[in-house]
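Number of protein chains: 2
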Amino acid sequence: MTRPEPATARGEETRRQIIDAALRLFEQNGYTKTTMRAIAGEAGVSVGNAYYYFTSKEHLVQGFYQQIQALHEQQVEQRTRGDSLAARWQTMELAFVDVAAPYHEFGGKFFASAADPTSPLSPFSDESRPARETSTAIIRNLVIGDDVKGDKRLMAELPNLLWLAHMGIVLFWVHDRSPDQQRTRLLIRRIAPLVERVVVLSRLRPLRPILYPALDLIQDLGN
Amino acid sequence: MTRPEPATARGEETRRQIIDAALRLFEQNGYTKTTMRAIAGEAGVSVGNAYYYFTSKEHLVQGFYQQIQALHEQQVEQRTRGDSLAARWQTMELAFVDVAAPYHEFGGKFFASAADPTSPLSPFSDESRPARETSTAIIRNLVIGDDVKGDKRLMAELPNLLWLAHMGIVLFWVHDRSPDQQRTRLLIRRIAPLVERVVVLSRLRPLRPILYPALDLIQDLGN
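Quick note, the sequences are listed as chains R and S, same order. Using full-length UniProt numbering, you'd call the opening residue of the first sequence number 1 and step up by one each time. Using full-length UniProt numbering, you'd call the opening residue of the second sequence number 1 and step up by one each time.
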């Protein structure tokens, strides 16, 4: 989608400047009305230079998604991850709220564009596949451990299910008007033990008539 | 919110004309850019007359929500409702897809406004409370019967939970680009048996450590 991140520190700095300038203009004037020319001007680079890093506004937003995710992954790796699935999931989601906090105001305004069914900015679009896969990989590598034994089919699907749950958290976060997004943080703390219990209880045989058709359905919808 | 529906057939006809004119203009020019003056012009009534029926654009949209719901309720009442919770729930949701079909194109465009966290048009807003309560009443009276025995606490909360599930169906429907919204219809058919199984299995004691904290959480979030 976007060009590979340039190897030089200067290139990275320019990339980040362009993204920051774009976010400022999106917040002021809306996504649709902001042109690449205006973004280049705001960032203090030539239009050609802006296009060198991002071939379109959409690619620029995808670059922003990737920037947030890189920060998120760093944060999750640095923090004590705890020795239970519940603790690791909670750490991961709370780290997201911290990392995304500077963009909360912007998120509310930008949401209308990303929620558009046909938009390449939607987290479910083809264009967002790389961002989706990075997110799922963070979940697979840093949240799900081999200490938790759930139903085999559920465990195979768990990274994707927790990514969907993360989209639910983001949806709640966008709508959260409480100071410092305290309601989202509370939601995460209260859901965390439930995530682990669902995985543990998934091995109960009487639950299969719910669990397996639900997994089939989610897989079919993804295709 | 809106003035009580006028008793005369002529008043009802005018009301409907104004709503239809508004939807046409919202679709053409977007919700924000459409004025009450333009709506009155499109409907062929005076501006004063338009304001008599709807004191603002928001009230007009709430009137539209109510109109859709009255149609929906009629449909659900008329159709054979089936003798199981699964069948009744499926009938209710499929009737929604039928009734809302003429507004599907509009729904996609309007979604950005209704999805705005702070908008009075959001289904979760104070302004949408009457629409929410009508919807919940349809579910309570026409879907949940006394033939299904689930956990007592779950049963008490079930109308609200099925309303939330309905919002999930609407979210999926808005994003559904398949002809005649076939994907949403398929989703409804496949979820229907699961809804009934969740209710039946809710009486299993080992599930309480998930069920009760989840019910507490949903109640707390609603307050």
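Beta carbons: idealized from backbone N, C-alpha and C, even for Gly.
Within the same chain, show all residues whose beta-carbon is closer than 7 Å to that of residue 47 (chain S), passing over the 5 residues directly before and after it, in chain order.
36, 37 and 40
Rounded to whole angstroms, what's the CA-CA distance from residue 211 (chain R) to residue 15 (chain S)? Just pull it up for me.
47 Å
What do you reckon, are the CB atoms on residue 181 (chain R) and residue 101 (chain R) nearer than 9 Å?
Yes, the Cβ-Cβ distance between residue 181 (chain R) and residue 101 (chain R) is below 9 Å.
Which one of R:31, R:174, R:42 and R:152 has the shortest CA to CA distance from residue 21 (chain R)?
R:42
If you drop the 5 nearest sequence neighbours on each side, which residues of the same chain put their C-beta closer than 6 Å to that of residue 17 (chain R)?
So the qualifying residues of the chain are 43.
Among the candidates S:195, S:142 and S:120, whose CA atom is the shortest distance from the CA of residue 72 (chain S)?
S:142
Please return the same chain residues whose Cβ sits closer than 6 Å to the Cβ of residue 60 (chain R), not counting the five positions on each side in sequence.
Excluding positions up to five away in sequence, the list reads 22 and 54.
Give the residues from the stretch 193-222 of chain S that approach chain R closer than 9 Å (Cβ to any Cβ), ordered along the chain.
Those would be 193, 194, 197, 198, 201, 204, 206, 207, 209, 210, 213, 214, 216, 217, 220 and 221, in chain order.
Extract the residue ranges of the beta strand (DSSP E) inside the stretch 6-85 of chain R, only unbroken runs of 3 or more that lie entirely within it.
Inside the stretch 6-85 of chain R, DSSP marks no whole beta strand (DSSP E) run of 3 or more residues.
Which residues in chain R have a C-beta closer than 8 Å to the C-beta of residue 106 (chain S)? List them in chain order.
Going along chain R, no residue has its Cβ under 8 Å from residue 106 (chain S), so there is no contact; the nearest lies around 13 Å.
Where do the ends of the alpha helix (DSSP H) carrying residue 228 (chain S) lie?
Beyond the ends of chain S as shown, which are 1 and 223, falls residue 228 (chain S); an answer cannot be given.
Member of R:206, R:196 and R:12 whose CA lies at the smallest distance from the CA of residue 50 (chain R)
Check the Cα spacing between residue 50 (chain R) and each of R:206, R:196 and R:12: the tightest is with R:12.
Chain R residues whose Cβ lies nearer than 9 Å to that of residue 129 (chain S)
The contacting residues do not exist; residue 129 (chain S) stays about 17 Å from chain R at best.
What does the alpha-carbon distance come out to for the pair residue 174 (chain S) and residue 216 (chain S)?
30 Å
Environment of residue 176 (chain S) [buried if 16+ CB atoms lie within 10 Å]:
buried
Beta carbons nearer than 7 Å to chain R: which residues of the stretch 87-116 of chain S have them?
So the list reads 108, 111, 112, 115 and 116, given in the order they occur along the chain.
With a threshold of 7 Å on Cβ separation, who are the neighbours of residue 95 (chain R) within its own chain once the five nearest residues in sequence on each side are excluded?
72, 75, 76 and 79
Does the CB of residue 183 (chain S) have a neighbour CB from chain R at under 9 Å?
Yes, contact with chain R.
Same chain only: Cβ atoms within 8 Å of residue 106 (chain S), ignoring 5 sequence neighbours per side
23, 26 and 27
Cβ distance (whole Å) where residue 204 (chain S) is taken to contact residue 206 (chain R) below 8 Å:
The beta-carbon separation of residue 204 (chain S) and residue 206 (chain R), rounded to 6 Å, stays under the 8 Å limit for a contact.
Does residue 124 (chain R) get closer than 9 Å to chain S when you measure Cβ to Cβ?
yes
Per-residue contacts from residue 189 (chain S) into chain R (C-beta, under 8 Å):
Here the premise fails: no neighbours, minimum Cβ distance about 10 Å.
Selection from S:172, S:126 and S:148 that minimises the alpha carbon distance to residue 195 (chain S)
S:148
Would you please verify whether the beta carbon of residue 1 (chain S) is less than 9 Å from any beta carbon of chain R?
Caution is warranted here: a pLDDT of 43 is assigned to residue 1 (chain S), below 50, making its placement in the model unreliable, and the coordinate value is therefore given only provisionally. No, residue 1 (chain S) lies away from the interface with chain R (no Cβ there is under 9 Å from its Cβ).
Alpha carbon of residue 163 (chain S) to alpha carbon of residue 64 (chain R), nearest angstrom:
Going by the C-alpha atoms only, they are around 35 Å apart.
For residue 62 (chain R), is the classification buried or exposed, using 16 other Cβ atoms within 10 angstroms of its Cβ as the cut-off for buried?
buried
Contact set for residue 131 (chain S): own chain, Cβ-Cβ below 8 Å, skip 5 residues either direction:
Residues 62, 65, 66, 69 and 123 of the same chain have their beta carbon placed closer than 8 Å to that of residue 131 (chain S), with the five preceding and five following residues left out of the count.
Just to confirm before moving on: does the CB-CB distance between residue 187 (chain S) and residue 221 (chain R) stay below 9 Å?
yes
Please determine, among R:113, R:52, R:8 and R:45, the residue with the shortest C-alpha to C-alpha distance to residue 29 (chain R).
Checked all of R:113, R:52, R:8 and R:45; the closest Cα to residue 29 (chain R) is R:113.
Compute the distance between the beta-carbons of residue 158 (chain R) and residue 145 (chain R), then report whether it is under 9 Å.
Between residue 158 (chain R) and residue 145 (chain R), the C-beta spacing is not below 9 Å.
Close Cβ partners of residue 57 (chain R) (< 6 Å) along its chain, the five nearest in sequence each way excluded:
none
What's the call for residue 88 (chain S), buried or exposed, on a 16-neighbour Cβ count within 10 Å?
buried
Compare the C-alpha of residue 140 (chain S) against each of S:92, S:34, S:32 and S:202 and name the closest.
S:92
Of all the options R:85, R:153, R:160 and R:152, which has the alpha carbon lying nearest to the alpha carbon of residue 197 (chain R)?
Per the Cα distances, R:85.
How about residue 218 (chain R) and residue 171 (chain R): do their beta carbons lie closer than 9 Å?
no
Sequence-distant residues of the same chain with beta carbon closer than 6 Å to residue 103 (chain S), five excluded per side:
There are no such residues.
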